[in-house]
Amino acid sequence: MKKGMWICGILLLVGLFLTPHTAMSMGMVTGSRNGTYFQFGKEIAEEAKKAGLDIVVKESRGSLDNILRLDSSENAAFAIVQSDVFGFLKRSSHKTEIKKTLDNLSVIFPFYNEEVHLFAKKEIKRFEDLEGKRIAIGIEGSGNFITSTNLLKIMNIKAGREYTNMKPAEAVEAIFLDKIDAMFYVAGKPVKLFNNLKELKKEPQYAPLLDNVHFVPLNHPDMLKGGEYVASEITYSWIKEKIPTIAVKAILVGYDFSKKRTPYYRMRCKQLAELVKIIRHDYEYLRSEGHPKWKEVNLNEEINVWKLDPCSRDCQHSPSTSVSPIPDKRRKNYINGLRRTIRGE
Numbered sequence: 002m003k004k005g006m007w008i009c010g011i012l013l014l015v016g017l018f019l020t021p022h023t024a025m026s027m028g029m030v031t032g033s034r035n036g037t038y039f040q041f042g043k044e045i046a047e048e049a050k051k052a053g054l055d056i057v058v059k060e061s062r063g064s065l066d067n068i069l070r071l072d073s074s075e076n077a078a079f080a081i082v083q084s085d086v087f088g089f090l091k092r093s094s095h096k097t098e099i100k101k102t103l104d105n106l107s108v109i110f111p112f113y114n115e116e117v118h119l120f121a122k123k124e125i126k127r128f129e130d131l132e133g134k135r136i137a138i139g140i141e142g143s144g145n146f147i148t149s150t151n152l153l154k155i156m157n158i159k160a161g162r163e164y165t166n167m168k169p170a171e172a173v174e175a176i177f178l179d180k181i182d183a184m185f186y187v188a189g190k191p192v193k194l195f196n197n198l199k200e201l202k203k204e205p206q207y208a209p210l211l212d213n214v215h216f217v218p219l220n221h222p223d224m225l226k227g228g229e230y231v232a233s234e235i236t237y238s239w240i241k242e243k244i245p246t247i248a249v250k251a252i253l254v255g256y257d258f259s260k261k262r263t264p265y266y267r268m269r270c271k272q273l274a275e276l277v278k279i280i281r282h283d284y285e286y287l288r289s290e291g292h293p294k295w296k297e298v299n300l301n302e303e304i305n306v307w308k309l310d311p312c313s314r315d316c317q318h319s320p321s322t323s324v325s326p327i328p329d330k331r332r333k334n335y336i337n338g339l340r341r342t343i344r345g346e
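Quick note: the sequence shown uses our numbering, first residue 2, plus one each step.
See below:
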């Protein structure tokens, strides 16, 4: 990954006058502007600014987009992603470009759980019943897409037709109208979209619709292998019982700047170390004053989906060979290749 050799030269010239923090801002890619990832990013940036670390929070199209942008020439030093994006990529690890991408990434912190909601017609009683069905698997490249693709692969299930152009609300409507059979939605409970369904009970023409749908239990042992998912449960006021499901962890990942000894990489490595100190120092404040999801964050929780970030732990620098970024213009082909490989096409 080249972060701009000309930048390194400029840094050498201005280094006498500027600290590493003010010499260059750090880009943080998150999610949609209205989402939790973006809000977390803004709150982290606010605390970092108080300590003299400039962070530019950027919107994105989802976890896969974040991974690709970390391993590009963009100013994107760290990001929030779903933990199962690593499993999604590792299942295609024989691809040279994908392996290089993974080698360049590392885990900084675990954040919070996001529950997997499999909303479907009641005739689909188990995950295995998705075989041959019409399924909304999420917008391509999104967290929903990654998780649904992962689970279908893990369970060796082949849908009759997959829809990648439906937003969550559109997919719920499509189930009620018998246009599809099931949909995946990954989000921290309770989800407003599903909370809203209780309003259907108040309308006689809509109330019967709820009798024909439910959340499919997700508790097959194979789903919990490999550490990508953890056991959880969901419940909403319009259903009578708690439904076992799985959850994916939102995690903070970064580019591994310990791999090279250039002035630029050293600066970035020190910045990541400073970032970790800031988050730890302001952790209690963020829990009390920040987004409600901060209350679910355990910074010391073990997470074994990928290697831990060296910069933010011991700042040990070791030389390494450079790798090539994935150009933005090849993003679409890259995602399509991932999809074909993971599904064995």
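The beta carbon of each residue, even a glycine, is placed where N, CA and C say it ideally should be.
The DSSP assignment places complete beta strand (DSSP E) segments of no fewer than 3 residues inside the region 120-188 at 135-137, 162-164 and 183-188, in order along the chain.
With contacts defined as CB atoms closer than 8 angstroms, Asp85 and Thr37 fail to qualify as a contacting pair. Listed in chain order, the non-local C-beta contacts of Val30 below 6 angstroms within the same chain comprise Lys59, Ser61, Asn67, Arg70, Ala77 and Ala80, local neighbours out to five positions each way being set aside.
In the displayed model, Ala77 falls within coil according to three-state DSSP, outside both helix and strand. A Cβ-Cβ distance of about 6 angstroms is found for the pair Leu211 and Lys202, placing them in contact under the 8 angstroms criterion. If the five residues before and after Lys168 are omitted, its C-beta is found closer than 8 angstroms to the C-beta atoms of Ile140, all from its own chain and listed in chain order. Taking a contact to require three or more Cβ pairs closer than 8 angstroms, the region 119-135 and the region 284-291 do not qualify as touching. C-alpha of Ile99 to C-alpha of Ala172: approximately 31 angstroms in a straight line. Rounded to whole angstroms, the gap between the alpha carbons of Gly28 and Ser107 is 16 angstroms. Ala183 is classed as buried because its beta carbon has at least 16 other beta carbons within 10 Å across all chains shown. Put simply, the backbone Cα of Val214 is about 12 angstroms away from that of Ala175. Non-local C-beta neighbours of Gly142 in its own chain, meaning closer than 7 angstroms and more than five positions away in sequence, comprise Arg62, Gly63, Leu65, Asp66 and Ile336, ordered along the chain. Apart from the 5 residues on each side of it in sequence, Gly144 sits with its Cβ closer than 6 angstroms to the Cβ of Gly63, Ser64, Gln83 and Val187 in its chain, given in chain order. By the Cβ-count criterion, Gly32 is buried, with 16 or more other Cβ atoms from all chains shown falling within 10 Å of its own Cβ. Look at Val86 here: in three-state DSSP terms it is helix. Linking Leu309 to Phe87 through their CA atoms gives a straight-line distance of about 13 angstroms.
Taking the CA atoms as reference points, Ser233 sits about 16 angstroms from Phe120. By the Cβ neighbour-count rule, Thr246 is buried, with 16 or more other Cβ atoms within 10 Å of its own.
The residues Tyr164, Met167, Ala172, Ile181 and Met184, in chain order, have a CB closer than 6 angstroms to that of Ala137 in the same chain once the five nearest residues on each side in sequence are set aside. In this structure, Ala52 is the residue among Asn35, Met25 and Ala52 with its C-alpha nearest to the C-alpha of Val277. Taking every protein chain shown into account, the CB of Gly42 has 16 or more other CB atoms within 10 angstroms, so this residue is buried.
Here Asn196 is exposed. Its C-beta has fewer than 16 other C-beta atoms within 10 Å. In the structure shown, the three-state DSSP call for His282 is helix. A straight-line Cα-Cα distance of about 32 angstroms links Lys50 and Ala248. With contacts defined by Cβ atoms closer than 8 angstroms, Thr236 and Lys226 do not form a contacting pair.
If the five residues before and after Glu229 are omitted, its C-beta is found closer than 8 angstroms to the C-beta atoms of Ser84, Asp85, Phe87, Gly88, Asn151, Val249 and Val306, all from its own chain and listed in chain order.
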